[in-house]
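Here is the structure we will look at.
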Amino acid sequence: MNKGVNDKLSNALKSIMIMVLVLTIIIGCTSQEAVVDNDQPEKSGQTPNKQSGSPSEEDGIIVSKELVDVAGQNPKINIYKIFYISDGTKVEAFLSEPKESGKYPLHVTLHGGWAYERPNKTHDSFGFQAESLKNVPENVVRIAPQYRGYMGSDGSVQGLAGNTLDTRNAIKAAMSWGNVLPDSIFLTGASMGGGVALRTASERKDIKAVVAVSPFVGWDTIIQWMDNNTDGVWPDNVQKERKLANEYKDIFSKNPGKEKENSLLDRIPDIQAPVLLLQGTADESVVWQTVQEFANRMKERNKTIKLILYPNGGHGLKDQYQSETSKEIDSWLTEYGLSQISKNPQ
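When we follow the UniProt record's numbering, the leftmost residue of the sequence shown carries the number 1, and every step to the right adds one.
Here you go:
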């Protein structure tokens, strides 16, 4: 086969890989579970979730795995439903791996969800299905954790820190599989998943790149922006978010530890990976100016950050911008090495 044909096949495979990645990101972001809660914070007298416990020897251990057969899946990959331990709790995830032996980059995809812990909410119906991995290409290992409290996971819904802990342990579980390239982890997330990707990147130095679509940027960012922008007439979604921000500010004033667990601004100095933020200006769930504020704070710290705002784009950009965002994600991940696959490193 000549070089021209090889190049065409390589480009086609990469295009398929990116399109599947974009669709997986979008699956993690729907109006059913907006990044901002639409109801009141739960009473502080309730038993709180354990957002970020101390590392345990059990964390990341895979306790069960089941080979899943998905109709129409890429015949060159295996798809598994696994359960792993995170903070003493069984967490569900789906994992795909190439059938061919070798070492591959790890792509962690993170779904959206509630913007604060929900002690009374278990097995929430928002998350991933095995079908979302059926077209993953055979040159990457992908894991899609559900977090505690979602889908088949045990426990109750966590906040930002708890979801991040579950993501760290999902990475640990995936790396125990034995076919992941070291220092080659890519994070993509939507809505709350975008915030989880950012916080995870602040805790690990082996993250190669981050993509966050319509991201939750921490209650600290939201509260500060609201406090600094009180004048003028704002749309309904801003007023709604302002009310929530004031309620959480009151909660955090009584429990500073909770504020730290739900913050991202203080994590910026520790984010070493390049970050791409994609945000629509008609987002019904995320106030787009808060994402711009977070990007500005990253620039002030001389971080590698790119923010693209899409006029009239909605939450998750599941609209007229899908093709355009696909190209941006393609370019970003290619620039930072996801397409540079080494199956048999020395």
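Using N, Cα and C, we set each Cβ at its ideal position, and we do this for glycine too.
Go ahead and pull the three-state DSSP assignment for M97.
In the sequence on display, residue 97 carries Glu and not Met. Strand at E97.
Give the straight-line distance between the Cα atoms of E293 and T122, rounded to the nearest whole angstrom.
33 Å
Could you pull the start and end residues of the beta strand (DSSP E) that T188 belongs to?
180–190
Express the C-alpha separation of L276 and residue 383 in angstroms, rounding to a whole number.
Lying outside 1 to 346, the shown extent of the chain, residue 383 is not represented and no answer is given.
Going by DSSP, what residue range makes up the alpha helix (DSSP H) through G257?
256–261
By DSSP, does R168 sit in helix, in strand, or in coil?
helix
With a 10 Å radius around its C-beta and 16 neighbouring C-beta atoms as the bar for buried, classify D330 as buried or exposed.
buried
What residue from N312, T290, I271, S184 has the CA that sits closest to N302's CA?
I271
Take D283 as the anchor and find which of P269, Y310, A295 has the nearest alpha-carbon.
Y310
Residues in the same chain with beta-carbon distance under 7 Å from V136, minus the five sequence neighbours each way, listed in chain order, please.
V20, N74, I77, S96, R142
Given a threshold of 16 other Cβ atoms within 10 Å of its Cβ, counted over all protein chains shown, does N120 qualify as buried or as exposed?
exposed
Starting from the C-beta of I61, find all residues in its chain whose C-beta is less than 7 Å away, skip the five residues before and the five after it, and write them out in chain order.
Y84, I85
Under 8 Å: do the region 211–227 and the region 258–272 share three or more Cβ pairs, one atom per stretch?
yes
For the beta strand (DSSP E) containing K299, list its first residue and its last residue.
Looking at the DSSP string, K299 is not in any beta strand (DSSP E); the run it does join, the alpha helix (DSSP H), is 288–300.
Can you tell me where the alpha helix (DSSP H) with K327 in it begins and where it stops?
322–335
Would V81 pass as a contact of V63 if the rule is Cβ separation under 8 Å?
The displayed chain sequence assigns Lys, not Val, to residue 81. No, they are not a contact pair.
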